[in-house]
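Sequential numbering from 122 applies to the first sequence in the working numbering.
We put the CB at the ideal spot given by N, CA and C, even for glycine.
If you're wondering where the values come from, they're calculated on a predicted model, not measured in any experiment.
Data block below; observations after.
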Amino acid sequence: MDNPIRLNLSFYQREDVVKISKELLGKVLVSHFDNVKTAGIIVETEAYRGPDDKASHAYNNRYTNRTKVMYEAGGLAYVYLCYGIHHLFNVVTAKKGMAHAVLIRAIEPLEEIDAMLYRRNFDNLKPQLTAGPGVMSIALGITIANSGMDLTHPNSNIWIEDRKIVVKPKNIIESPRVGVAYAEECAGWNWRFRIAGNKFTSKAK
DNA sequence: CGAATGATCGGCT
DNA sequence: GCCGATCATTCGA
122 MDNPIRLNLS FYQREDVVKI SKELLGKVLV SHFDNVKTAG IIVETEAYRG PDDKASHAYN
182 NRYTNRTKVM YEAGGLAYVY LCYGIHHLFN VVTAKKGMAH AVLIRAIEPL EEIDAMLYRR
242 NFDNLKPQLT AGPGVMSIAL GITIANSGMD LTHPNSNIWI EDRKIVVKPK NIIESPRVGV
302 AYAEECAGWN WRFRIAGNKF TSKAK
């Protein structure tokens, strides 16, 4: 099942992680587990730029068992556990040795919504089904077991497609990221991006 | 080896 | 709107 519109290495391995974060808005995140293919439009992202970024796990080039995936070449999934409960899905970008990543925070359900409802134990479609990095991973069936997966490999269970959904620059809202209160010089970096007016972003404004 | 920490969510007041 | 859950990872001894 080769997919010609799957994003490839030339997309992921660029240096400008902020630019990639913006371009991921409107792209379609697809997961394929247990013979069920779930998909959703990416509506909210957040950029994390390794060594300079106090909010990043890789700040100051911290290199551990967990963060080593971020130093790999772009195109891999980096999934980690937060608060012991939530699986957060990131995309590794840039070239090998550069610990840049984009956190996918929210999607708009697109395909196999029933499966996502089942995974979340929801009865009907509500914005909070996939609005938020932790719950989005549940809806798509993503866990830390998928960390390090190659998104560009033809047989991977997770990938991102370009379906030519156009997001105009004026419809991209830039805002400060969460957890930057302690990182003053980083507080001015508006590296959280979302699509204006979309109901499926986490907590509007 | 033990203790502190956290890029969140959901339930309760 | 606030508060507690819950555990892999990290760091210090």
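Determine, using beta carbons only, whether residue i and residue j come nearer to each other than 8 Å.
i           : j           : result
residue 195 : residue 134 : yes
residue 284 : residue 149 : yes
residue 236 : residue 157 : yes
residue 197 : residue 203 : no
residue 278 : residue 317 : no
residue 192 : residue 218 : yes
residue 253 : residue 226 : yes
residue 136 : residue 215 : yes
residue 131 : residue 166 : no
What's the gap between the Cα of residue i and the Cα of residue j?
i           : j           : result
residue 319 : residue 190 : 31 Å
residue 280 : residue 234 : 17 Å
residue 297 : residue 288 : 20 Å
residue 223 : residue 129 : 15 Å
residue 147 : residue 248 : 17 Å
residue 274 : residue 306 : 38 Å
Within 10 angstroms of its Cβ, does residue i collect 16 or more other Cβ (buried), or is it exposed?
i           : result
residue 179 : buried
residue 244 : exposed
residue 325 : Confidence at residue 325 is low in this model, with a pLDDT of 44, below 50, so the placement of that residue is unreliable and no value is reported for it.
residue 177 : buried
residue 205 : exposed
residue 163 : buried
residue 199 : buried
residue 290 : exposed
residue 145 : buried
residue 295 : exposed
Between the Cα of residue i and those of the options, spot the shortest distance and give me the residue it belongs to.
i           : options               : result
residue 310 : 153, 169, 150 and 156 : 169
residue 201 : 173, 186 and 214      : 186
residue 159 : 215, 174 and 251      : 251
residue 271 : 212, 242 and 239      : 212
residue 321 : 257, 274 and 290      : 257
residue 207 : 264, 139 and 228      : 264
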